[in-house]
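Terminal number for the sequence shown in my numbering: 368, no gaps in between.
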Amino acid sequence: MSLLPPFHRTHYAWDCLALGEIMLRFDPGEGRIHTTRQFAVWEGGGEYNVARGLRRCFGLRTAVATAFADNPVGRLVEDLVLQGGVDTSLIRWVPYDGVGRAARNGLYFLERGFGHRPGVACFDRGHTAIAQVKPGDFDWTAIFAQGVRWFHTGGIFAGLSASSPQVALEAIRAARSAGTIVSFDLNYRDSLWREFGGNPEATRVNQQLVREVDVLIGGEEDFRERLGIPITVSPTKSSGPMPLEGWDHLLREVAAAYPNLKVIAATRRTVTSSMHNTWGGVAHSQGQTIEVPLRPIEILDRVGGGDSFASGFIYGLLQNQSIEWALRCGVAHGMLTMTTPGDASMVTLAEVEHTMADGSIRMRR
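Given below as structure tokens:
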């Protein structure tokens, strides 16, 4: 039996629609931001990465609702999105004034880290076109009337500006009215919320939005600090990762506080160095908590691992697979995405299924 409401339409324009910011990422490779003389460029954004993974790895039809300043940088990001196969027809194009005083496109610079030197992100995303979107700028009723099976947004979009939470709420309510499943990722960026009240305001916004969604994705810290769930069971840092019993207790607290939630999922991670982590996942639905145990993994580029977990998990639910299968799919996809550079998944479905089956890592010839 499906964990989520049945789909009633015979035609859908998109399997998944994401709402969020897409930035141009500058990557110095093995170098450092402040010493490099060249960068590779990618596109990236928390909510968008989910839609791209669902399209490129899992073959679903996806779209992104966002906004760009209409200049060559915006068109470059659009071209990267097109290469990822995500529908760009819902992008709002904002006139460019020549210098970006009114609206601009977001940039970010990211070095991956090595050993005990952590990765470093430097954001340049103020006054972006999508941060200035207000309620009414997207005709959500018309968009969802075209048929959308799944809608995804999250805490990064909600933290872009004072108006972003209202836009997210407007979209979520239109999605629910249309019978679309809604997911929300509790992703938190301190640099975004600093201007708008910090973690207390992020918690208030999350509490409002999460009451309206079907599927919630996050981590232990997200549930504790971004939803204000009381700390009753949690190990000290020296005691290692939280065991399944602790996760079960935590997720039951979340489910009790938000009875609208049909599924809750989380990544599990412990960090040994920039290249060596342990990685797993946990999910809760219908009173049952399921885990994919932690396993050691090696990382090339950590960014996007959580988003790829989300897209793999969502894919499993959209395919009416069991919660356990969806969780294993999310964990495998996230793990594989962290073996390649850039935010976005470069993984195939066959590779995900091979990893889910604990397949050999010998070279294929």
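The beta carbon of each residue, even a glycine, is placed where N, CA and C say it ideally should be.
Would you mind sorting residue i into buried or exposed? The rule is 16 or more other CB atoms within 10 Å of its CB.
| i | result |
| --- | --- |
| S314 | buried |
| A124 | exposed |
| L224 | According to the sequence shown, residue 224 is Glu rather than Leu. Exposed, by the Cβ-count rule. |
| V53 | buried |
| E301 | exposed |
| P121 | exposed |
| G77 | buried |
| H37 | exposed |
| E294 | buried |
| G290 | exposed |
| G345 | buried |
For my contact list, residue i and residue j are in at a C-beta cut-off of 8 Å; report their separation, rounded to the angstrom.
| i | j | result |
| --- | --- | --- |
| W143 | A171 | That pair is no contact at about 11 Å. |
| T292 | V285 | 6 Å |
| R2 | T281 | Since the first residue shown for the chain is 4 and the last is 368, residue 2 is missing from the structure and cannot be characterised. |
| G88 | R58 | 4 Å |
| W257 | L230 | According to the sequence shown, residue 257 is Val rather than Trp. The pair is a contact, with the Cβ atoms about 7 Å apart (cut-off 8 Å). |
| R95 | A70 | 4 Å |
Using DSSP with H/G/I as helix, E/B as strand and the rest coil, what is residue i?
| i | result |
| --- | --- |
| H370 | Limits of the chain in this structure are 4 at one end and 368 at the other, which puts residue 370 out of reach. |
| G157 | strand |
| Q291 | strand |
| N202 | helix |
| S276 | coil |
| A174 | helix |
| P375 | Here the chain comprises residues numbered 4 to 368, so residue 375 is not present and cannot be evaluated. |
| A16 | coil |
| G283 | strand |
| I133 | helix |
| E301 | strand |
| V102 | coil |
At what residues does the alpha helix (DSSP H) containing residue i begin and finish?
| i | result |
| --- | --- |
| H252 | L247 to A260 |
| D332 | According to the sequence displayed, residue 332 carries Cys and not Asp. From DSSP, the alpha helix (DSSP H) with C332 extends over I326 to T340. |
| L320 | G308 to L321 |
| R128 | Per DSSP, R128 belongs to no alpha helix (DSSP H) and is neither H nor E. |
| A54 | G49 to R59 |
| L93 | That residue, L93, is in no alpha helix (DSSP H); it is neither H nor E in DSSP. |
| F147 | W143 to A148 |
| D188 | First-last for D188: I184 to D188, but that is the beta strand (DSSP E), not the alpha helix (DSSP H). |
| L195 | D193 to W196 |
Terminal residues of the continuous beta strand (DSSP E) containing residue i?
| i | result |
| --- | --- |
| Y111 | L110 to E114 |
| R28 | M26 to D30 |
| L264 | Note, L264: premise wrong, no beta strand (DSSP E); not H, not E. |
| G87 | Looking at the DSSP string, G87 is not in any beta strand (DSSP E), and its letter there is neither H nor E. |
| I220 | V218 to G221 |
Verify the contact flag: residue i, CB atom, against every heavy atom of the ligand NAD, threshold strictly below 7 Å.
| i | result |
| --- | --- |
| F226 | Ligands are entirely absent from the displayed structure, and the ligand NAD is therefore not among its contents. |
Determine contact between the segment 24 to 40 and the segment 325 to 333, defined as no fewer than three beta-carbon pairs at a distance below 8 Å.
-> no
Mind the definition here: the segment 215 to 230 touches the segment 264 to 272 only if three or more C-beta pairs lie below 8 Å; say whether that holds.
-> yes
Counting Cβ pairs closer than 8 Å, one from the segment 37 to 45 and one from the segment 57 to 73, do we hit at least three?
-> no
Stretch-stretch touch, CB-based, cutoff 8 Å, three pairs: the segment 150 to 163 with the segment 14 to 24 = yes
The segment 177 to 193 touching the segment 138 to 154, judged by at least three CB pairs closer than 8 Å = yes
Please confirm if the segment 302 to 319 is in contact with the segment 335 to 351, defined as three or more CB-CB distances below 8 Å between the two stretches.
-> yes
Is the segment 92 to 110 close to the segment 130 to 139, with three or more CB pairs under 8 Å?
-> yes
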